[in-house]
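Report on one structure; see the data block that follows.
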Amino acid sequence: MEASAKARGTGIAKRSPEYVQLKMDEGKAVIALTKGGEWVGFCYIEAWGHEKFVANSGLIVNPAFRGHGVAKAIKEKIFELSRKKYPDAKIFGLTTGLAVMKINSDLGYEPVTYSELTDDEEFWKGCRSCVNFDVLTAKNRKNCLCTAMLYDPVEKAKEAEEKAAAERNKLVVTTAGDMQQEKKKRKFKGNFSLFERWVRYKKYVLLKAARKSGGSGAAGSGKKRFFFGWL
Ligand SMILES: CC(C)(COP(=O)(O)OP(=O)(O)OC[C@H]1O[C@@H](n2cnc3c(N)ncnc32)[C@H](O)[C@@H]1OP(=O)(O)O)[C@@H](O)C(=O)NCCC(=O)NCCS
0 MEASAKARGT GIAKRSPEYV QLKMDEGKAV IALTKGGEWV GFCYIEAWGH EKFVANSGLI
60 VNPAFRGHGV AKAIKEKIFE LSRKKYPDAK IFGLTTGLAV MKINSDLGYE PVTYSELTDD
120 EEFWKGCRSC VNFDVLTAKN RKNCLCTAML YDPVEKAKEA EEKAAAERNK LVVTTAGDMQ
180 QEKKKRKFKG NFSLFERWVR YKKYVLLKAA RKSGGSGAAG SGKKRFFFGW L
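With numbering that gives the first Met the number 0, letter number 191 in the sequence shown gets 190, and the count goes up by one each step, no holes.
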């Protein structure tokens, strides 16, 4: 995983082999294999903030098997397992990868600000081994190169309830404003080229700020401010 992150020029929250082994022993990992036993892919679950948050981490697919939907299948499986083991937890992920953003989005994750993630210090300590840790520190943990995505079971249950209610009341006339909102939402969903452009821009700005400050805590000191909204 580390070698793969290096090759991509991105960071990684490094874990020890013993830690990853423990995840397998605890039944908190998904391992994809061929029938012949060849390793195809992997991902594991971590719980944070007294199990209020869960992260599906360490996703990796053997290069020989990429581009065939393996990551998607693994993420679906680990998501299912996370929901079963921690039904009340919010599931989140931090990633720079477009493939993972796509998969997460299909699973119902939404992009969020870092403030909506766990404040568990142990989780954030994991970022110390990332090459972009200076950027995270300079931004007071409010932003970095990774995009944060979150699945909130309470929100999802509410949405499902609203959808069911809307279905029941299909004939109710909606306001023009609401319809415009709805159209906008549908239009943006899946617009990943725009998202990709945003990620590139974010990278450019954050890394430039970090270089200017020599990696110290003063980067960006409020001069350049930007945000990203999914809708
Ligand atoms: C990222 C990675 C896990 C993807 O695995 P994969 O099995 O090739 O992915 P899938 O075939 O399941 O593709 C899932 C979706 O992502 C898209 N995708 C795959 N690789 C992509 C890429 N490099 N750029 C953009 N989109 C990509 C696919 O088109 C697919 O989208 P679709 O459902 O709309 O068709 C794999 O390339 C990998 O192991 N990379 C190194 C480790 C890594 O980056 N891990 C993620 C850390 S957060």
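Each residue gets a CB set at the ideal place from its N, CA and C atoms; glycine is no exception.
Here the structure is a predicted model, which means the values were calculated and not measured.
Could you tell me how far apart the beta carbons of K74 and I102 are, in whole angstroms, since I believe they sit closer than 8 Å?
5 Å
Endpoints, alpha helix (DSSP H) assigned at E45
Taken as a continuous stretch (DSSP letters only), E45 belongs to no alpha helix (DSSP H), being part of the beta strand (DSSP E) at W38 to W47.
Suppose the cutoff is 7 Å on Cβ atoms and the five residues either side in sequence are ignored; what does the same chain contact list for C126 look like?
A12, F132 and L135
If you count every other CB in all the chains shown that lies within 10 Å of the CB of S114, and 16 or more means buried, which is it?
exposed
I'd like to confirm the pairing. Which residues does DSSP put opposite G92 in its beta bridges?
M148
Proximity below 8 Å, CB of A147 to CB of L116
yes
Below 8 Å, how does it come out for the region 39–47 and the region 57–65: are there three or more Cβ pairs, yes or no?
yes
Kindly examine ligand 1 and report whether one of its heavy atoms sits closer than 7 Å to the Cβ of I44.
no
For L116, name the three-state secondary structure that DSSP assigns.
coil
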